[in-house]
Structure formats: C-alpha cells, structure tokens
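Here is the structure we will look at.
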Amino acid sequence: MQTTLKTTAAPIDLPQLDLHKRRRPHEIIIQAFLFACGIISIFVTLGIVFVLFQESLRFFGSGEVNLIEFLTGTTWQPAIGEFGILPLFLSTIITSLIGMLVALPLGLAVAIYLSEYASPRARGILKPILEVLAGIPTVVYGYFALTFMTPLLRSLFGADTVQIYNMASGGIVIGILIIPLIASMSEDALSAVPRSLREGAYGLGATKLETSLKIVVPAALSGISAAVIVGISRAVGETMVVALSVGAGPKLTFNPFESAETMTGHIVRISGGDLSYDSIDYNSIFSIALFLFVITFLLNLISRFVVQRFREVYD
Amino acid sequence: MKHTSIFVTLLMIVAIIASACAPAAQPTTVPQPTQAPAKVEPTKASEQPTAAPALADPTKAPEPTAEPAMEMLGGLPMVDAGAVTGDIVTAGSSTVYPLSEAMAARFQDEGYTGNITIDSIGSGAGLERFCKTGETDIANASRAIKSSEVESCRAIDREPVEFRVGTDALAVVVNPENTWLDEGVTLEELAKIFSADAKTWAEVNPAWPAEPILRFSPGTDSGTFDYFIEAVMTPAYNKDAKLGEEALLKAENLQLSEDDNVLVQGVEGDKNAIGYFGYAYFQENADKLKALKINGVAPSGSAVDAGTYPLARPLFIYSDPKIMAEKPQVADFINFYLTFVNEEIDAVGYFPASTSVLNGAKMALLIALGQ
Amino acid sequence: MSTFELSAQPREQTMMRETEAVAAVAAGAAGTFAIEATDVNIFYGQFRAVKDVSLQIQKNKITALIGPSGCGKSTMLRAFNRMNDLVSTARIAGEVLFHGRNLYAREVDPVEVRRKIGMVFQKPNPFPKSIYENVLWGAKINGFKGKADDLVEQSLRQAALWDEVKDKLKQSGLSLSGGQQQRLCIARTIATRPEIILMDEPCSALDPIATLKIEDLMRELVEKYTIIIVTHNMQQAARVSDYTAFFNMEQDRAGYLVEYDDTKKIFTNPKDQRTEDYVTGRFG
Numbered sequence: 010m011q012t013t014l015k016t017t018a019a020p021i022d023l024p025q026l027d028l029h030k031r032r033r034p035h036e037i038i039i040q041a042f043l044f045a046c047g048i049i050s051i052f053v054t055l056g057i058v059f060v061l062f063q064e065s066l067r068f069f070g071s072g073e074v075n076l077i078e079f080l081t082g083t084t085w086q087p088a089i090g091e092f093g094i095l096p097l098f099l100s101t102i103i104t105s106l107i108g109m110l111v112a113l114p115l116g117l118a119v120a121i122y123l124s125e126y127a128s129p130r131a132r133g134i135l136k137p138i139l140e141v142l143a144g145i146p147t148v149v150y151g152y153f154a155l156t157f158m159t160p161l162l163r164s165l166f167g168a169d170t171v172q173i174y175n176m177a178s179g180g181i182v183i184g185i186l187i188i189p190l191i192a193s194m195s196e197d198a199l200s201a202v203p204r205s206l207r208e209g210a211y212g213l214g215a216t217k218l219e220t221s222l223k224i225v226v227p228a229a230l231s232g233i234s235a236a237v238i239v240g241i242s243r244a245v246g247e248t249m250v251v252a253l254s255v256g257a258g259p260k261l262t263f264n265p266f267e268s269a270e271t272m273t274g275h276i277v278r279i280s281g282g283d284l285s286y287d288s289i290d291y292n293s294i295f296s297i298a299l300f301l302f303v304i305t306f307l308l309n310l311i312s313r314f315v316v317q318r319f320r321e322v323y324d
Numbered sequence: 003m004k005h006t007s008i009f010v011t012l013l014m015i016v017a018i019i020a021s022a023c024a025p026a027a028q029p030t031t032v033p034q035p036t037q038a039p040a041k042v043e044p045t046k047a048s049e050q051p052t053a054a055p056a057l058a059d060p061t062k063a064p065e066p067t068a069e070p071a072m073e074m075l076g077g078l079p080m081v082d083a084g085a086v087t088g089d090i091v092t093a094g095s096s097t098v099y100p101l102s103e104a105m106a107a108r109f110q111d112e113g114y115t116g117n118i119t120i121d122s123i124g125s126g127a128g129l130e131r132f133c134k135t136g137e138t139d140i141a142n143a144s145r146a147i148k149s150s151e152v153e154s155c156r157a158i159d160r161e162p163v164e165f166r167v168g169t170d171a172l173a174v175v176v177n178p179e180n181t182w183l184d185e186g187v188t189l190e191e192l193a194k195i196f197s198a199d200a201k202t203w204a205e206v207n208p209a210w211p212a213e214p215i216l217r218f219s220p221g222t223d224s225g226t227f228d229y230f231i232e233a234v235m236t237p238a239y240n241k242d243a244k245l246g247e248e249a250l251l252k253a254e255n256l257q258l259s260e261d262d263n264v265l266v267q268g269v270e271g272d273k274n275a276i277g278y279f280g281y282a283y284f285q286e287n288a289d290k291l292k293a294l295k296i297n298g299v300a301p302s303g304s305a306v307d308a309g310t311y312p313l314a315r316p317l318f319i320y321s322d323p324k325i326m327a328e329k330p331q332v333a334d335f336i337n338f339y340l341t342f343v344n345e346e347i348d349a350v351g352y353f354p355a356s357t358s359v360l361n362g363a364k365m366a367l368l369i370a371l372g373q
Numbered sequence: 055m056s057t058f059e060l061s062a063q064p065r066e067q068t069m070m071r072e073t074e075a076v077a078a079v080a081a082g083a084a085g086t087f088a089i090e091a092t093d094v095n096i097f098y099g100q101f102r103a104v105k106d107v108s109l110q111i112q113k114n115k116i117t118a119l120i121g122p123s124g125c126g127k128s129t130m131l132r133a134f135n136r137m138n139d140l141v142s143t144a145r146i147a148g149e150v151l152f153h154g155r156n157l158y159a160r161e162v163d164p165v166e167v168r169r170k171i172g173m174v175f176q177k178p179n180p181f182p183k184s185i186y187e188n189v190l191w192g193a194k195i196n197g198f199k200g201k202a203d204d205l206v207e208q209s210l211r212q213a214a215l216w217d218e219v220k221d222k223l224k225q226s227g228l229s230l231s232g233g234q235q236q237r238l239c240i241a242r243t244i245a246t247r248p249e250i251i252l253m254d255e256p257c258s259a260l261d262p263i264a265t266l267k268i269e270d271l272m273r274e275l276v277e278k279y280t281i282i283i284v285t286h287n288m289q290q291a292a293r294v295s296d297y298t299a300f301f302n303m304e305q306d307r308a309g310y311l312v313e314y315d316d317t318k319k320i321f322t323n324p325k326d327q328r329t330e331d332y333v334t335g336r337f338g
C-alpha cells in the first residue's frame, strides 16, 4: 500500500517529458533486413522469368519452329525437329485431372472430418500424419506409383489394358500427394466459417452431416475452390512422380492406361545432362517451362481472384 | 486497379510470346558440317563403322607409327595405386559407366585415396563436357569421337586420345512372354519394328500378333541410340542416318530414357514391348528379359569374338596428353584401367577387347605420356 | 398418453405423426407446462455453469431469463434444446421434461429436439443463401414436401418481413439489414413449425427501432408458440415477457435461479433483495 502511495505522489519528481525522436538502430537494421528478404524473393522470381523468356526467345527465334506449330503440332520429338506441345500438354492435363479426381473428394472429406467431426484427440493424430504425407519426397511417391499403383491397376484392369508406364498410376499418386494440400487449405476455409452459421443450422434441427455438407461447405466454397486451384497448379507442376511412372515418350493419347509424357516429365528427362547447351532441343525445354509458367501463373491469378471473393461471403 | 495491372501483365506476356513467334533473323544453331574436315585424327577411321563392326577391325588400331614400339609394351610402368593422389573427373556413356565404375572401385581397393567421379550422362554429353566445357579429365564413350567433337576439343586446346577398353554387344530384348520372336529377328525386321512404318507386330510380319509394339530405346543423346540408328536404322533407310533416325523417333509408343532401368522395367512389364541396350544391363536382368537372336546369332562372348553378332560395338575412354601430364593421377588411372580391364570386364557384362587392340591402347598411352 | 416421439427415426414418419402429437398436446395429455426443468446442473469440464435450477415454462407465454453477465442464463436456455451438446466438454445433470419426456434420456435424438424447439441467436446468422432458401432450408431438411412458395410467404408474413422482401426473395439473406436478418432467422425457425422458440438476446445487435419491431413480433408469435428469451435488457424483459426468471451467480461463478415469477411482480415487488437490487440497477 505504501509503495502505491509513493508512486502516486511521484509525478512531481519525474524528469522532464522528452518527446524527441530517438534513434533506434536495431529497428532500422531489422527493417532493412526484412526488406532485403522481400526484395530478393522478387528478384529471384524476376530472374527466373527473365531466363525463361530469354531461352524461349532463342528457341522461337531459331526459325525452326513458330508459335502456331508449337501450340498446335501433335508430335514432340526435338531430335527430328518436331515441336508440337500438344502431346505433352494433354498428358499433363490428364494426369492432373486424375490427380484432382482423387485429391478433391478425399482431401475434402479429410477437411470436413477434421473441421466438423474429429475429436481433439483424433485431430492430434490425423494432422501430423497428413503433415508426414506432405513431407515425403516426391521421388518416393514416384516409386510408389511404379511399384505399387501400376501393379495394382494392372491386376484390376489386366496387364493387357494397362501399360507398365501409364498416366493413370501417376495421376492417382499425384492425387495422393496433394491430398494434404487440399485438406489443409480446405480445412482452413471450413474452419473460417463462423460458428454461428453452424448453430443456426443445428437450431433448425439439422444433423451434423446436413450442417457440414449443406451449410458449411457451401459457405466455404470459395476457399475450397482456391484450394482446388492451388492443388491443380501443384498437380500440373509435379515432376518426379510423372517422370518415374508415366513414361518417357511424348504421345498424344486420351487413354489414361497408356504411357505418355508430361511437360515436367519431359523437361526432367531431357535436362538429365544429355543435351548440348546451345542446341534447339535444349532451348525447347525452356519453351515448355515458359508454357508451364504461364499456366500456373494464370491459375494463381484465378485463385487470388477467387480468394478475394471468398472474403466477402459472410460478413 | 489490381485487375488492370493483372491484365497489363498478361498483355505483356502475350506480346512477348507473339514477338517470339516471328522468325528471327539469325539462327542460333550452327548447321551441322556436312563433311568432316580434312585433317582428322587417325582414330577417325572408326567413325563410320560398318553394319558389323567386328572386334578385329584393323581400322580401329591406333597410329600405325606405333608399330615398332610393340616390344615396349612391357615398359608400361606399374601403377602403385596407393601412391596416387589427386581427384579424377570423368563423365560420359552410360554403357561404359559400369565398366569405369568397376575399374575405379578396384583402383580405390588397391589404395587410391582421391575422389573419382563418374557421371553417366551419355556419350555425346560426356564428350561435350570433355571437349567444350573442359570440365572432365576423361570422357567415356560407346562410340568413336566425331570430327566435330575433335574440333571443339582443339578449340579449347585439348587433343583427344582414344583408348579402346572393350566391346559391348547391344542386346535387343523382349518380354519373356513374347513367343513370336523366339527365332530372333533380322536386322531389316528390327529396323521395321522400331520404325513408324509399323504400329503392330502383325504389320512387320503377319504371323505375329496384331498388338501394338511398345518400343523402349535409350535417349537420343546416348551413344547406344546413335549406334542403333547407325547399325540398324540407317542401313534400312537408304543409308540415310537422318531418315533412319526420323523413322524411329516418329514411331508410336516409343519411350526414350537415359535410365536403362526404365527400359528394363518397361520391357519386363509388357509382353508387347521390345527394347535394346548394352549387354551388361541385359545380363543383370537376364532372369526377367529375353535377348533376341539377330540374323540368327544370339549375343554371346564367342559370337562377339567371332565377329558374327551384328550389334557389337567398341567402348572407349578419351583423355588428353596435357591433362595426363598435369594430372599424373589421370595417366595412372588410365594405365591401371588398361592393365586390368580384362580382369573385370566379364563381371561387368561386356566382352574383352582383343589383346592386339588393347596393346594398341597401351601404346597410345605410352606415346601420349612421352609427349 | 402422448405418442409424441423424440427418438431417432426416419424423418417422414415423425413428420406424419406431428399432427397427431399436436392434437394430443392440445388435449392436455402431456401436462400444462411447455418445459419443466428439475434440478438442472450444467458443467463445462470441471466448471459448474448452472447450479440446481428448477423452472417450469408456461405454454404460449413469453418467459424472460435475466441476470448479470455470466450467470448461466444463456447456458440454461441452450439446455432446453440440447444446443449445449455441441460443446464437447458440456455435461448436464437433472431433468428437462418436454411433453413429459426427459430431453436428456438416452434414446432422445437431439436433432429431433431442435426441430420442435427452435432457436434464434444473439447475432443474426442467416445462411449465405437467398432469402427464399434461408426460409425453406430448415423445413426442407426436415422433410417438408408441401408447396414451398406458400411456406415461404406464410413464414415471412408471420415474421413481419414479407412486405419488405417479397420482391427480392432471390437476393442473399446477407443483403438485408441487421433487424431484417434477425426477422429472417425467426421466419426460418417458424418455417420448421416448432412448438417453442428460444431466443438468445435476439436484439442485442440491433438498433432500437429494429428491436421494437422484434418485440412486437414476439407478442404476435406468442399466440402460437411458447417463447423463451434471454435478455440483458431489463426494459425489454419488462415490456415483452409474461414471466421472468432472475439468475445470479455465486462466488465460484456458478449460476443459480434467484426468483421466478410474473414479470410484473419481479419488476415491481420482488421477493428477493438481490432481485430488487438488480432490477433497480444497483448491480449487474
């Protein structure tokens, strides 16, 4: 009690009020450091874009191929001057689509379970498992596709139908690979749905399932769409799985049980150290990379757009 | 505001792509020299092997001027691996790779303490690293060096010296369940099987099943691929290597991989598959694959020795006298390689070069060291 | 005996029995109270939020639960339709009788309970769907098969919202003002045809005019429904309710019922000194 009394009496003894600006060097240093980090990431991105454009320009400038051929040709075989990206693009689309067909329902189911159903204990077990799943190197997934998924598909559909290297197997494993991504992003979106909406539904006599599927999921739909788009860009960009299990020859086919080669798979095979640095084959992989970059860039723009809309939904 | 900037970015991308599609004035790729320059290494004689590059092909022997030095062979100094220091960098053919690796392992077993790197990147890339970027001390190749590569080497002041280390037979393999090729194939049939002219087996031979042919080939920059084009495809297409290559590359269901395991797995996995690669890989996987007779001859040591197996080819390593002088460990390793290669080569799965050829290589080393 | 059924079973069946059930209730077969709580204790984990509350809610009346913040009145309200079940740590002891059946009996399905005892929340929480769908949603999941348009109109009229929204039924429920949103929430509750409507501080997020509208609405609704309202606003309780229950809390923050009587009595002549202190604004 006495001390409080003293302090209340103290103001008279306080030193004169000083509102002058003070130098705080550590603040400045930290600020500069953080700024530099931001700048570096921007420059790295710009650098990558620059290299992609530069090398692609060389490719298109070689006179051996023009953009129309590049976009519409149906054969990709650089060694004989065939540069039609369609077979690579189609294969990328098919594997990604299969991947999404696997990842979307499963990822969403996991997200709904985690966000709406799981007890804290179940969450405590399941979330780390998902994180482990997300942390497995993709090359392991690649061998998983080759040595487990492909034999499984062959035993289901027959070895005559399913080729040893095929898009289905790679696609399914890509799906498994991105489940954690879809699940965690969707779970964030679901958890962000206000509790009051759930209570409103329960208050009307809705079951848990009705509440989850008819109220929470629709309310989180924009966030889930964003997760799906990020998942698609991940699937499109996935490399090791397709390099190991989908095949090593570009082929224009819609049959998921046939082998083909995706854009990323082709890049990794060709850049495996076998090409002369200034050959057109070598430059061609940059044009593929640029094409990929444009795709993922567009997907990112779309996802940003969707996420922005998502914020407007329930307030 | 945000949307505008996004569209501006998109427009820029489109604009750049559009400008890129206009044909530019100066092509960046140098046209292939249509003929080899006049002054070529004597070893260039082996650049165009015949369809059956038999082992004893005299054109592959080293410089004729080395002949009087035959007695000097005993003079190749013994290498004390334990005394050798310094690193060795090699890269090249995936076919030569297992052999070089076996030799390196033995070199290290016998006391060598430095680091020896062996990259398996294909003959073309290996020679590029050796001749263009000059990153390596030794290039491994499953074909002879090309004149254009010799030129690149000279441009960076390197003079490639060729050492013949053995012979590889190319194995053409099919799935064990394949029964229609038990009698083997002819080179002509093989060319057709691997060409765009046939989609199904029946299109090559009506007696064969009407199933699609699934083709597995080493990548376009590997020496094995080049050799296959040269020895199988080219003869079937008016001796035009370009046509032959095109016929193969335009074929459907073609998988090209530098990774021989991809090929092994592929052929193992499908009864309609066919593939080819170095005999060593076949031997490692002999339980899962079937090697075909070519023109009635199965790949074997005796057939290769007798020169009857049509798809046998030489294996080389290349180095440069100056490198060997600057880095004695490189010379020592090559010396060691040539001395003991025939003790290891069987285990690796290739066929030993004949004594005279190997002696020629040792001679080349002596000469190079003497410079 | 009442055939009223609360256990888990196919919805359509329950729906069909509803008319018989209501008839039975109207015949007075199930007693005179809408809800009868006896010795209710509610815990959140180790914490006791409500202590020994017994309370009989009169049919077709408005009962207000008042008391200082944290006195357990909201918790008590949520106990009437088992909303506390949604909190995993919540536990209840005692009995809550509805049509003579204990709501917390083992075989009772909370989903069915909530269908009969609807709830309106503190903050308006319309679904991010159209006004039309908002009204229809609860009825639909409960197996409503009749004419949707009629149900929507009827419910919105009962909620005194029809005239304001009849031309924009396809617009999002979120496009409405706060007061309209709350009336929309009442409309969607009415559309499921409950017997009792629980209101948890329904006007605390609204301006005075919107509040008055809701209060008027409550007076209209009470002719058909039993209403229990939790409110902080003593004037509101005095204006709108027939009965008032005053809750307070002990040192350990366990809420208990102090006094329960006619609203008039509570506000003019309470028996308990604590009630008098509270209603005259001396604490709380």
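From first to last, the protein sequence lines are chains F, H and S.
Count the first sequence with my numbering and you get residues 10 to 324, in order.
Count the second sequence with my numbering and you get residues 3 to 373, in order.
Count the third sequence with my numbering and you get residues 55 to 338, in order.
Every residue gets a Cβ at the ideal spot worked out from N, C-alpha and C, and that includes glycine.
Chain F contact residues for residue i, given Cβ-Cβ distances below 7 angstroms
i        : result
Val264/H : Ala257
Gly232/S : Per Cβ cutoff of 7 angstroms: no residues; Gly232/S is ~12 angstroms from chain F at best.
Residue range of the unbroken alpha helix (DSSP H) whose run includes residue i
i        : result
Val111/F : 95 to 121
Val165/S : 164 to 170
Arg336/S : Premise fails: Arg336/S is in no alpha helix (DSSP H) and is neither H nor E.
Ile158/H : Ile158/H -> no alpha helix (DSSP H), and no H or E assigned at all.
Leu55/F  : 34 to 70
Gln290/S : 288 to 294
Euclidean distance between Cα positions of residue i and residue j
i        : j        : result
Ala103/S : Gly200/S : 42 angstroms
Ala83/S  : Val165/S : With a pLDDT of only 42 at Ala83/S, under the threshold of 50, the placement of this residue in the model should not be trusted; the figure read from the coordinates follows. Cα to Cα, the separation comes out at about 24 angstroms.
Asn361/H : Thr101/F : 53 angstroms
Met72/H  : Met365/H : For Met72/H, the predicted structure reports a pLDDT of 40, less than 50, and the residue's modelled location is therefore unreliable. The matter cannot be settled from this model.
Gln327/S : Ala198/F : 50 angstroms
Met69/S  : Pro248/S : For Met69/S, the predicted model reports a pLDDT of 43, less than 50, meaning its position is unreliable and no value from the coordinates is stated.
Lys46/H  : Lys324/H : No answer about Lys46/H holds up, because its pLDDT of 38 lies below 50 and its placement is not dependable.
Glu130/H : Ile158/H : 12 angstroms
Residue i - partner residues in DSSP beta bridges
i        : result
Asn142/H : Gly94/H, Ile319/H
Lys292/H : Val176/H
Arg166/H : Phe318/H
Proximal residues of chain H, C-beta to C-beta of residue i below 9 angstroms
i        : result
Ser268/F : Leu216, Asn255, Gln257, Gly268
Interface residues of chain S facing residue i [CB-CB closer than 8 angstroms]
i        : result
Leu206/F : Asn179, Phe181, Pro182
Ser128/F : Ser142
Beta carbon of residue i nearer than 7 angstroms to that of residue j
i        : j        : result
Ala259/S : Lys177/S : yes
Val167/H : Ile369/H : no
Tyr227/H : Gly268/H : Per the sequence shown, the amino acid found at residue 227/H is Phe instead of Tyr. No, the pair does not count as a contact, with Cβ atoms beyond the cut-off.
Thr169/H : Pro312/H : no
Ala192/F : Val119/F : yes
Pro100/H : Val266/H : no
Ala282/H : Tyr352/H : yes
Residues that residue i contacts on chain F, provided the C-beta gap is smaller than 8 angstroms
i        : result
Gln252/H : Gln is not the amino acid found at residue 252/H; the sequence shown has Lys there. Within chain F, the residues near Lys252/H are Thr84, Gln86, Ile89, Glu91.
Gly99/S  : Those do not exist, as Gly99/S stays about 12 angstroms from chain F at its closest Cβ, beyond 8 angstroms.
Residue range of the unbroken beta strand (DSSP E) whose run includes residue i
i        : result
Ser219/H : 216 to 219
Partner residues on chain F for residue i, Cβ-Cβ distance less than 9 angstroms
i        : result
Asn196/S : Leu213, Gly214, Ala215
Contacts that residue i makes with chain H (C-beta to C-beta distance below 7 angstroms)
i        : result
Tyr174/F : Gln257, Gly268
Lys223/F : Under the 7 angstroms cutoff, chain H gives no residues; its nearest Cβ is about 33 angstroms from Lys223/F.
Within chain H, the residues that residue i reaches when beta carbons sit closer than 8 angstroms
i        : result
Arg278/F : Gly221, Leu258, Ser259, Glu260
Residue i: contacting residues in chain S (beta-carbon distance under 7 angstroms)
i        : result
Glu219/F : Ile195
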